[in-house]
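Quick note on the working numbering: the sequence shown kicks off at 207 and runs consecutively. Scroll down for the structure; my scribbles are underneath it.
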Amino acid sequence: MSSKRTIDSLLNTDDDDGDGAPPHKQPRLVPPHSLPYASSSTHTPPPPFQQPLPLLTFSYTPSRTLEFTDKALRYYVDPPRGADLNYGVGRWVRKAEGRGRVDGLLRAWEKIRGDMGGRDAGVGVVGWRGVLTKILTAPYEMRDTWELNVMFIDGTMYFEEHLSAEKLREKNDISPHHRLQSYYGYAFESWCTSSTPHVPPSSATQTQTQTQAPTPNGWGGDVDTNVQWCCVVKTKLGSTRMILGGEVDFPEIIVGFRTPAGVLSTIQRFKTVEIPRAVRDKSSSRGGGGRGMGMGGSGAWDAGVCLEWGDRFLEFLKGVVEPAKEEKVKEDPDPTVWRVTFTPKKGVSVRVLNADEVEDVRGLDRVGFLPRWFWDEVHSTGAGAGESGREREVVSEEPRREEGNLKKDVVIPPGWQI
């Protein structure tokens, strides 16, 4: 059995990423930049991470229409023992995998900014929470590469996950076995959720067709991955203020265990806030002494390592894109699109996309990868993070109560928390 690698050995990158891509329109303003991991032998205290504060919520309907409602929000209920995770697989409506556009998040951000009078007030990053997860967990990613597209406008970095045509094909053309395994997770969620609190739906309360068998008690509804609920939050890592969109974290993680045939056998609960401590305690009981990978042979992860790396990554990236923007704007008014590439065991590289690559990510009616309506809105109002995108106030702590579900005091439903 091979030994666990330390953080040091994961990413020892060279100065040259070997990409050699031509610049976008103008000669390259800066060479490709790279960022190796910090040493695991010396550590500063992890940077502060601000508890996310909810600002606004929205839902996607089955037709992928965005609504500023909580229509897609569900309540947790205990699943029945012996639940069949194969149930409803033939009626699964699976959303096709596509590029992770930030349009929905920008619609919500536009609404929040409108309530603030068009001010962004120091936001350094706007993106989906899943992108930040990829960044923070990179020190422990041993297998998969990932790429981000980045645009820098008035002090704010906008993040979009980049998926090549090959990766999109891989995500959509999955084997029947992989498809069924994926469905088990969605089915478990349906068995665990209800449209009403504490009361699982029953066959008597659900509409049935003449040819459809009665719905088993506890089934939360057929799976449609077009339907999503999202909470937009503000948070801060180190000195970088962020606007992120994603599903709100549950205070407990419920893990289901199944038989090979897909029958739910038992569940186990873990308190979310206690997981980092539990990992450290388990590592210590096995003789682990350090931080990062290895840890005395335990291979346990450390939240402090993730926060340190994430803060360093954001500061590094801003240090690359901000000076380049200032140098470029006089010669080429078109926005620059950057590509961040993470490679396990090597590091992170950042480069400017050339004209063909920008065209590839642009899509219909866009400036770079941002929708034109948002680009025009930002420039017409003069909104933006301004000078540093870091130290000034993000948004008013008490936004005015107006249309939609933008709330003065956002109340998370019972059982939910950030």
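The beta-carbon is built from N, C-alpha and C at its ideal position, and this holds for glycine as well.
Worksheet item: For glutamate 376, does the count of other Cβ atoms within 10 angstroms reach 16, so buried, or fall short, so exposed?
Response: Answer is exposed; the Cβ neighbour count stays below 16.
For tryptophan 397, tell me which candidate among Ala371, Thr472, Leu354 has the shortest Cα-Cα distance. Thr472
| Would you call glycine 328 buried or exposed, if buried means 16 or more other Cβ atoms sit within 10 Å of its Cβ? | Classification for glycine 328: buried.
Open item on the list: Can you find the residues in the same chain that come closer than 6 Å, C-beta to C-beta, to alanine 509, ignoring five residues on each side of it along the sequence?
Closed with: Pro482
Q: With a cut-off of 8 Å on the beta carbons, I'd call valine 546 and glutamate 273 a contact; round off their distance for me.
A: Cβ-Cβ separation between valine 546 and glutamate 273: approximately 32 Å, too far for a contact (criterion under 8 Å).
*Just checking my contact of arginine 568 with proline 238 at CB under 8 Å: how many whole Å lie between their CB atoms?*
Going by Cβ atoms, the distance from arginine 568 to proline 238 rounds to 22 Å, so no, they are not a contact pair.
**Message:** Would valine 564 and isoleucine 359 qualify as a contact pair, given that the criterion is a beta-carbon distance under 8 Å?
**Reply:** Contact: no.
**Asked** Is the Cβ-Cβ distance between leucine 632 and valine 438 less than 8 Å?
**Response** Nothing about residue 632 can be read from this structure; the chain reaches only from 207 to 624.
Rounded to whole angstroms, what's the CA-CA distance from valine 283 to glutamate 514? Just pull it up for me.
-> 37 Å
*For proline 260, name the three-state secondary structure that DSSP assigns.*
Note: proline 260 maps to strand in three-state DSSP.
_What does the Cβ neighbour count give for lysine 442, buried or exposed, with the cut at 16 atoms within 10 Å?_
buried
Point to revise | Boundaries (first-last residue) of the beta strand (DSSP E) holding tryptophan 352 | key: 352 to 359
- Query: I think glutamate 240 touches serine 555, with their Cβ atoms under 8 Å apart; what is that distance to the nearest whole Å?
  - Reply: In the sequence on display, residue 240 carries serine and not glutamate. Rounded to the nearest angstrom, the Cβ distance from serine 240 to serine 555 is 5 Å, consistent with a contact under 8 Å.
**Q.** Per DSSP, cross-strand counterpart(s) of histidine 368
**A.** Glu353
Practice problem: Please state whether DSSP places lysine 477 in a helix, a strand or coil. | Solution: For lysine 477, the secondary structure class from DSSP, reduced to helix, strand or coil, is strand.
Quiz prompt | C-alpha distance - proline 260 paired with valine 331, whole-angstrom precision | solution = 16 Å
Using only the alpha-carbon positions, how far apart do proline 382 and alanine 302 sit? 16 Å
Fill in: Minimum C-alpha distance to proline 258 - residue among Thr399, Lys440, Leu386
Lys440
Could you pull the start and end residues of the alpha helix (DSSP H) that lysine 340 belongs to? Unbroken alpha helix (DSSP H) run through lysine 340: 335 to 342.
Where does glycine 503 fall in DSSP's three states?
Low local confidence applies: a pLDDT of 36 at glycine 503 is under 50, so the model's placement there is unreliable, and no value is given.
**Prompt:** What separation, rounded to the nearest whole angstrom, lies between the Cα atoms of valine 527 and asparagine 292?
**Reply:** A direct Cα-to-Cα measurement between valine 527 and asparagine 292 gives close to 48 Å.
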